[in-house]
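**Q** As you go down the protein sequences, you meet chains D and E in turn. First residue of the first sequence: 0, per numbering that gives the first Met the number 0; consecutive thereafter. First residue of the second sequence: 0, per numbering that gives the first Met the number 0; consecutive thereafter. Cβ atoms here follow ideal geometry from the backbone N, Cα and C, with glycine treated the same way.
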Amino acid sequence: MIPFLLRRLVQSIPTLLIASVLIFFVISLAPGDFLTPAKLNPNISPEQIEILSRNFGLDRPVWEQYFRWMGNMLRGDFGLSFQYQQPVLDVIWPRVKNSLWLVLLSTVLFYAIAIPVGVYGAVRQNSLGDKSINVVLYFLLGFPSFFLALIVIYFILQIRNATGLDVPIGGMTSNNYEELSGLGKVLDILKHLIIPATVLAISDAAGLTRVIRGQMLEVMRSDYVRTARAKGVSERSVIWKHTFRNGILPIVAGIGGLLPAAISGAGFMEVVFAYPGVTPMLLAALNTQDLYLVAGFTVITTVLLIIGNAISDLLLAVVDPRVKVA
Amino acid sequence: MTTTSPTTKAPRARGQSQLAVAWTQFRKNRLAQIGGTFLILLYLMAIFAPFLAPDGLSTYSTTNITRFHPPTPIQFRDPETGAFTRPFVYKYTQQLNLETFVNEYRPTTTRCPIYFGVRGDEYRILGLIPGNIHLYGTGQENPECKVYLMGGEALGRDLFTRIMYASQISLTIGVGAVLISTVIGLMMGAMAAFFGGVVDTLIMRLVEVLAAIPGLFLLILLRSVFPQDINPIFALYMILGILAFISWGGLARVTRGQLLSVREQDFVSAAHALGAGSGRIMVRHMLPTMTTYVIVGLSLGIPGAILGESGLSFLGIGAVEPYVSWGSLLAQAQEGGFSSITQRPWVLIPGFFIVFTVMAFQLLGDGLRDAFDPRKRS
Numbered sequence: 000m001i002p003f004l005l006r007r008l009v010q011s012i013p014t015l016l017i018a019s020v021l022i023f024f025v026i027s028l029a030p031g032d033f034l035t036p037a038k039l040n041p042n043i044s045p046e047q048i049e050i051l052s053r054n055f056g057l058d059r060p061v062w063e064q065y066f067r068w069m070g071n072m073l074r075g076d077f078g079l080s081f082q083y084q085q086p087v088l089d090v091i092w093p094r095v096k097n098s099l100w101l102v103l104l105s106t107v108l109f110y111a112i113a114i115p116v117g118v119y120g121a122v123r124q125n126s127l128g129d130k131s132i133n134v135v136l137y138f139l140l141g142f143p144s145f146f147l148a149l150i151v152i153y154f155i156l157q158i159r160n161a162t163g164l165d166v167p168i169g170g171m172t173s174n175n176y177e178e179l180s181g182l183g184k185v186l187d188i189l190k191h192l193i194i195p196a197t198v199l200a201i202s203d204a205a206g207l208t209r210v211i212r213g214q215m216l217e218v219m220r221s222d223y224v225r226t227a228r229a230k231g232v233s234e235r236s237v238i239w240k241h242t243f244r245n246g247i248l249p250i251v252a253g254i255g256g257l258l259p260a261a262i263s264g265a266g267f268m269e270v271v272f273a274y275p276g277v278t279p280m281l282l283a284a285l286n287t288q289d290l291y292l293v294a295g296f297t298v299i300t301t302v303l304l305i306i307g308n309a310i311s312d313l314l315l316a317v318v319d320p321r322v323k324v325a
Numbered sequence: 000m001t002t003t004s005p006t007t008k009a010p011r012a013r014g015q016s017q018l019a020v021a022w023t024q025f026r027k028n029r030l031a032q033i034g035g036t037f038l039i040l041l042y043l044m045a046i047f048a049p050f051l052a053p054d055g056l057s058t059y060s061t062t063n064i065t066r067f068h069p070p071t072p073i074q075f076r077d078p079e080t081g082a083f084t085r086p087f088v089y090k091y092t093q094q095l096n097l098e099t100f101v102n103e104y105r106p107t108t109t110r111c112p113i114y115f116g117v118r119g120d121e122y123r124i125l126g127l128i129p130g131n132i133h134l135y136g137t138g139q140e141n142p143e144c145k146v147y148l149m150g151g152e153a154l155g156r157d158l159f160t161r162i163m164y165a166s167q168i169s170l171t172i173g174v175g176a177v178l179i180s181t182v183i184g185l186m187m188g189a190m191a192a193f194f195g196g197v198v199d200t201l202i203m204r205l206v207e208v209l210a211a212i213p214g215l216f217l218l219i220l221l222r223s224v225f226p227q228d229i230n231p232i233f234a235l236y237m238i239l240g241i242l243a244f245i246s247w248g249g250l251a252r253v254t255r256g257q258l259l260s261v262r263e264q265d266f267v268s269a270a271h272a273l274g275a276g277s278g279r280i281m282v283r284h285m286l287p288t289m290t291t292y293v294i295v296g297l298s299l300g301i302p303g304a305i306l307g308e309s310g311l312s313f314l315g316i317g318a319v320e321p322y323v324s325w326g327s328l329l330a331q332a333q334e335g336g337f338s339s340i341t342q343r344p345w346v347l348i349p350g351f352f353i354v355f356t357v358m359a360f361q362l363l364g365d366g367l368r369d370a371f372d373p374r375k376r377s
């Protein structure tokens, strides 16, 4: 297990390096340099700019700047956010954590929705339920996630106006968050998370459900499933042990590829639901040309993604014993 | 010379080209045809948008600000006699509600008749054909009246007009981006397969990297290259370029794989033996094996690109004023906090245009995929 993880990490280093080169050069293409916005900011003294300029070697050729930036990053120094007047990492980290909660919860819901629905569609192929689910999913595929979220907000507001039910639809915490007990805090956050996470899960699940259904149908036609049925294995066991476990293999292998989409999708939810995650801050940083912040966010999410990919490989080994991790 | 004799001889069985087979299959697929028809209608709508819309691209009154004007229902019957009359709308007035401090719109009893083919703002269809006739409008004689078929937006412009003009951008950017990314993907894949070695490694690594950075963040990162206040027209080309740049990876990978396997086949060796140059072999013999994949990939990639563009514009990093896309029109639903959305549900209408377009492309794409897939033939 551990050698496998190590090998995965070593393998991902080139990808990470090229990604950082790409990110750095895209940013150095931007008009001005890292410090142009800072120079216009009266709150930053010329001495500070001088220090930053020397730290990041802005007077040197581009490739040398890159190595400095990279070296600083390896030591955990992502530079200074000009907008917040704080080291980038301090600004980013709470946001990244918030976004991670959203992505994790929505991923769990995503599978909790897609797997049963997909399996149902395959087991009861061409039944009324299957057909109507197919139609609904086809429609859902055409919905941009943010539009779905806006519609959900509209209906929740209507319900709230009609019944007075207090469903939170914005932000991450209630106003009285600080006064709540430990468990109360967790529940409060969960209450705020559940709607964006569900909307995201549903809008993403439309694609996966169709894939699972197709995979299940394909495996169900195979010889070993017929053999299992013939020797009298119970139907439940045929479906979940023989069919499902084989049917989801390509899907488990693809989890890593789904993660970037999940993170981007969560970004839209964050914007619509005013959730204090990564994307709203990234957009603000874009508007203020806070380039270190943009670069830092991109690097950190890329690293997280690569870790996620390694985990999905491990998962594949758990599900499919033929894949050896060691 | 005989002019008679309809041939009684059975037509000789002819070899059909792959495209002809696919076309026959496509003709059988009703849903795909419906999708295709809707798309033709949508593109006609986009071309004739200036004619269909009652106003110009960005016409609004600076004296009578009609922010989020509600839709004005079109009346066909005379309220007193109940008889059919020329369609008309009521004129609306604004009043400040002193309890809620919200501007409220109320219909008055003044009627504004609707005329068809009225003269109004000048436009050029496709940038060539000038005109000033609009499908419908209230005409010049009562300028205080306006038909708000789908309500007004944040600056008081007619939402229907904006949606019509937005369709021009929403429908072209996605398609353009997919076309460009297909060209890039094919070229990169072909180069990787053809040159091999360092070029191959570099290109494939780049594909890997583009896949590793979350799409939205990569878009934002690339957007940050350009200053915030760029020329609106240039901004459109920029989105097109960015969308194309981030999405060529998958195709490049497939092209490379396909070409590597084709390279070993006999017809390529034959072309070599006949003395064809490497460029000719690449373009005339190897790349055409990708035709089916590219056609299907195009039609299934376009809805994704349309969704991508709408997302970017929704986040405010896509189309800029005065140009709009359906995504940036939806962004107005967010203005003024959540609670205001219930007071102006019509701002959600542009979203349904996105859904409709994407659905039509999907139906067409699925139909094409099935038409080209020999296993799906009946």
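1) Which of the three DSSP states, helix, strand or coil, is assigned to residue 50(E)?
2) Name, going along the chain, the residues of the segment 144-158 of chain D whose beta-carbon falls closer than 7 Å to a beta-carbon of chain E.
3) Which residues does DSSP pair with residue 129(E) in a beta bridge?
4) Counting only C-beta atoms, is residue 325(D) closer than 8 Å to chain E at any point?
5) What residue range is occupied by the uninterrupted beta strand (DSSP E) comprising residue 102(E)?
6) Check residue 80(D) in the structure and name its three-state DSSP category.
7) So, with DSSP's three-state summary, where would you put residue 244(D)?
8) Taking only beta-carbon positions, decide if residue 131(D) is within less than 8 Å of chain E.
9) Compare the Cα-Cα distances from residue 280(E) to each of 267(E), 123(E), 272(E), 291(E) and report the closest residue.
10) List the DSSP bridge partners of residue 88(E).
11) Leaving aside the five residues before and after residue 162(E) along the sequence, list all residues of the same chain whose C-beta is less than 8 Å from its C-beta, in chain order.
12) Report the rounded CA-to-CA distance for residue 100(E) versus residue 172(E), giving the unit in angstroms.
13) Let's see if you can read the secondary structure: which residues bound the alpha helix (DSSP H) around residue 75(E)?
14) Let me confirm a value: residue 370(E) is counted as buried when at least 16 other C-beta atoms fall within 10 Å, else exposed. Which label applies?
15) Indicate the three-state DSSP secondary structure (helix, strand or coil) for residue 94(E) in the structure shown.
16) To which residues does DSSP link residue 157(E) through a beta bridge?
17) Whole angstroms is fine: what's the gap from residue 305(D)'s alpha carbon to residue 55(E)'s?
18) Could you check whether the Cβ of residue 213(E) sits closer than 8 Å to any Cβ belonging to chain D?
19) Show which residues of chain D have a CB atom less than 7 Å away from the CB atom of residue 310(E).
20) For a test of the three-state rule: what should DSSP assign to residue 25(D), helix, strand or coil?
21) So, are the CB atoms of residue 254(E) and residue 203(E) less than 8 Å apart?
22) Let me make sure I understand the geometry here. Which of 276(E), 213(E), 238(E), 256(E) has the alpha-carbon closest to that of residue 195(E)?
23) List, from N- to C-terminal side, the beta strand (DSSP E) runs of 3 residues or more that fit wholly inside the segment 313-363 of chain E.
24) In chain order, what residues of the same chain have a beta carbon less than 8 Å from the beta carbon of residue 170(E), not counting five sequence neighbours either side?
25) Which residue's Cα is closest to the Cα of residue 270(D): 118(E), 21(E), 333(E)?
26) Residue 21(D): beta carbon under 7 Å from a heavy atom of the ligand PLP?
27) Which residues, in order along the segment 215-245 of chain D, keep a beta-carbon less than 7 Å from a beta-carbon of chain E?
28) Let me know if residue 245(D) comes out buried or exposed under the rule of 16 or more other beta-carbons within 10 Å of its beta-carbon.
**A** A quick look at the data gives this:
1) Residue 50(E) falls in the helix class under three-state DSSP.
2) 145, 146, 149, 150, 152, 153, 156, 157
3) 123(E)
4) At residue 325(D) the pLDDT is 46, less than 50, meaning the model places this residue with poor confidence and gives no usable figure here.
5) 101-112
6) strand
7) helix
8) The beta carbon of residue 131(D) sits no closer than 8 Å to any beta carbon of chain E.
9) 267(E)
10) 111(E)
11) Only 149, 325, 328, 348, 349, 352 meet the Cβ criterion.
12) 41 Å
13) Taken as a continuous stretch (DSSP letters only), residue 75(E) belongs to no alpha helix (DSSP H), being part of the beta strand (DSSP E) at 74-76.
14) Residue 370(E) sits buried, since 16 or more C-beta atoms from the chains shown fall within 10 Å of its C-beta.
15) strand
16) Bridge pairing for residue 157(E): 151(E) [DSSP].
17) 49 Å
18) yes
19) 143, 145, 267
20) helix
21) no
22) 256(E)
23) none
24) 41, 42, 45, 305, 356
25) Selection 118(E), 21(E), 333(E) evaluated against residue 270(D) yields 333(E) as nearest (Cα-Cα).
26) Judged by which ligands are present, the structure shown has none, so any question about the ligand PLP falls away.
27) none
28) Answer is buried; the Cβ neighbour count reaches 16.
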